[in-house]
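Residue 173 in numbering that gives the first Met the number 0 sits at position 174 of the sequence shown, and the numbers go up by one each step.
Positions of the beta carbon are idealized from the N, C-alpha and C atoms, including for glycine.
Below is one structure; the comments refer to it alone.
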Amino acid sequence: MKSKIAIAAGMCLAILSLPLTAATVSLDSYWNGNAATLKQSLIDACVAAGNGGRINLSARTYTTDKELVVNRSVRIVGQGRWSSFFKRTDTAWGPVIKCQANGIEFNSLGVDGNINTPGVQADRFGIITDGKVNIKVLNSLLYRVNYGIFNGGGKGSNGLKIDSTHFLSNHYYSLWLWSIDAQPSPLWVGRLEFTNNYIKNGGLMGVNIDYGNENRSLLNSVDMSAFINGGYLRSLIQGNYIEQVNE
0 MKSKIAIAAG MCLAILSLPL TAATVSLDSY WNGNAATLKQ SLIDACVAAG NGGRINLSAR
60 TYTTDKELVV NRSVRIVGQG RWSSFFKRTD TAWGPVIKCQ ANGIEFNSLG VDGNINTPGV
120 QADRFGIITD GKVNIKVLNS LLYRVNYGIF NGGGKGSNGL KIDSTHFLSN HYYSLWLWSI
180 DAQPSPLWVG RLEFTNNYIK NGGLMGVNID YGNENRSLLN SVDMSAFING GYLRSLIQGN
240 YIEQVNE
């Protein structure tokens, strides 16, 4: 009898330890409208949605006074690039959103850094992928930031997919892929899909790929591929339109 009880108890423990099923949640259910609480509210929504889950946004502006983080592999889906906004309102350095998990998707939303004039406020990024893989930014908008999307920390951006996204009124680089490799050539930045995007008023550069010491004279080749399942996958860059940038 004791062994049967022990087996039953072990089965119950195993069942309780199974991962929760991914869910669809609304960010509005977790946020009280206060800029100071949005960071924690987004984290709470990520936990509730779980890896593979979805967080829906309303047609509104979600204001924050600090860096937001996404720490689960979730899809964050808005009502359109000019309808659902994450907007950072303070003047501190850093991104509007930082990725802390692989496989995050941002879809049909706007990211507003609220930087109208370069140099007036500390460097503001739209989204920092922080070296996480398979990040997607689709049908979205990066607006009024110094740097639109940045891999962060000199890490590769393998599997980064940016499609049908607008970069408007940004001040330095709309897309910035950076490596800290001391021997830059070939500089590896990982596989990238950058397709059907629109960059206007992109500031210094529309797209910038460089490495730590900024001596571009040493950079003569860039490796934008990934070795997956025994073969190389190359990047895809096509259908983009860039205007009103310095370089």
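Using the three-state DSSP reduction, which class does residue i fall into: helix, strand or coil?
{"i": "D27", "result": "helix"}
{"i": "K1", "result": "Any reading at K1 must be qualified, since the residue scores a pLDDT of 46, below 50, and its modelled position is unreliable; the value itself is stated next. Residue state, collapsed to three classes: helix."}
{"i": "Q39", "result": "helix"}
{"i": "L217", "result": "helix"}
{"i": "A34", "result": "helix"}
{"i": "A225", "result": "strand"}
{"i": "V46", "result": "helix"}
{"i": "P185", "result": "coil"}
{"i": "W175", "result": "strand"}
{"i": "Q99", "result": "coil"}
{"i": "G112", "result": "coil"}
Where does residue i land, buried or exposed, given buried means 16+ other C-beta within 10 angstroms?
{"i": "S216", "result": "exposed"}
{"i": "R71", "result": "buried"}
{"i": "G155", "result": "buried"}
{"i": "N31", "result": "exposed"}
{"i": "S178", "result": "buried"}
Would the beta-carbon of residue i fall within 9 Å of that of residue j?
{"i": "R74", "j": "I103", "result": "yes"}
{"i": "N113", "j": "R143", "result": "yes"}
{"i": "R53", "j": "S83", "result": "no"}
{"i": "K135", "j": "I96", "result": "no"}
{"i": "D122", "j": "G93", "result": "yes"}
{"i": "V50", "j": "A21", "result": "Per the sequence shown, residue 50 should be read as Asn rather than Val. Going by C-beta atoms, N50 is nearer than 9 Å to A21."}
{"i": "V69", "j": "A34", "result": "no"}
{"i": "V76", "j": "N106", "result": "yes"}
{"i": "A47", "j": "Y29", "result": "yes"}
{"i": "L232", "j": "T194", "result": "no"}
{"i": "Y172", "j": "N214", "result": "no"}
{"i": "T88", "j": "T63", "result": "yes"}
What whole-angstrom Cβ distance do residue i and residue j have, given they're in contact under 8 Å?
{"i": "G147", "j": "L191", "result": "Contact doesn't hold; Cβ gap of about 14 Å is too wide."}
{"i": "G130", "j": "G151", "result": "6 Å"}
{"i": "T164", "j": "N196", "result": "5 Å"}
{"i": "D209", "j": "L203", "result": "The pair is not a contact, with the Cβ atoms about 12 Å apart (cut-off 8 Å)."}
{"i": "L167", "j": "L140", "result": "7 Å"}
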